[in-house]
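A short write-up of the structure that comes next.
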Amino acid sequence: MWNQLKIAFGGTTATRLRALTLKFDSYKMNPQHSMPEHLRVMSAMIRDLRSAGNVLTDEQQILAVLRSLPDATWDHFKLTMTHNEMVKTFNDLKCHLELEAERQDAKRGNQALVVESGQRKTIGSKRKRQDGKARQGQARDNAPKERVKRRRGKKDKYLLQLSEDWTLRS
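Counting in numbering that gives the first Met the number 0, the sequence shown runs from 0 upward without gaps.
This is the structure in structure tokens:
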């Protein structure tokens, strides 16, 4: 009874294993899918093959994923990743593919990465220049202004005290 159920509902046969392998090797990226969707599909196929008893090496996984990419825009990337010794696992390749897909989308203009200035623009600095003249666009009244003494912090008071003590000793 158990053998009949296993054969009828998902027993791993040579035919099923061959079908999964053929599907995995000949799979091409759907143009309507995004890169994360494509990688999810490839990951599911790798998982199905593993559960069927065909464990793929990391190199086989990487080469199959690279082979599944569209030819037109991914040729240079495929060549680079094929000879890149730093990419050793499916997850390493996944990170590189997602970054490259974002870069290509930005290059095509699918994502707005340009920052434009707003309508408000500053006329000038709020402070006056060192020579006391007003900056452009600011009015200056001719009345003399009192000088405001600079507040001294603890460090300044300590240095002032040291200098006074030094002058008293000399």
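Beta carbons: idealized from backbone N, C-alpha and C, even for Gly.
Give the DSSP-derived three-state secondary structure of residue i in the structure shown.
i	result
PRO30	coil
GLU97	helix
HIS37	helix
ASN53	coil
LYS106	helix
MET44	helix
Starting from residue i, follow the alpha helix (DSSP H) in both directions and report where the run begins and ends.
i	result
VAL226	Summary: the structure shown does not reach residue 226, with the chain confined to residues 0 through 169, and so no result is reported for it.
HIS75	70 to 81
THR14	13 to 25
Tell me whether residue i is buried or exposed, calling it buried when 16 or more other Cβ atoms sit within 10 Å of its Cβ.
i	result
LYS27	exposed
GLN60	buried
LEU92	buried
SER67	buried
ALA100	buried
VAL86	buried
HIS75	exposed
VAL64	buried
HIS32	exposed
LEU48	buried
HIS82	exposed
LEU78	exposed
LEU38	buried
LEU98	exposed
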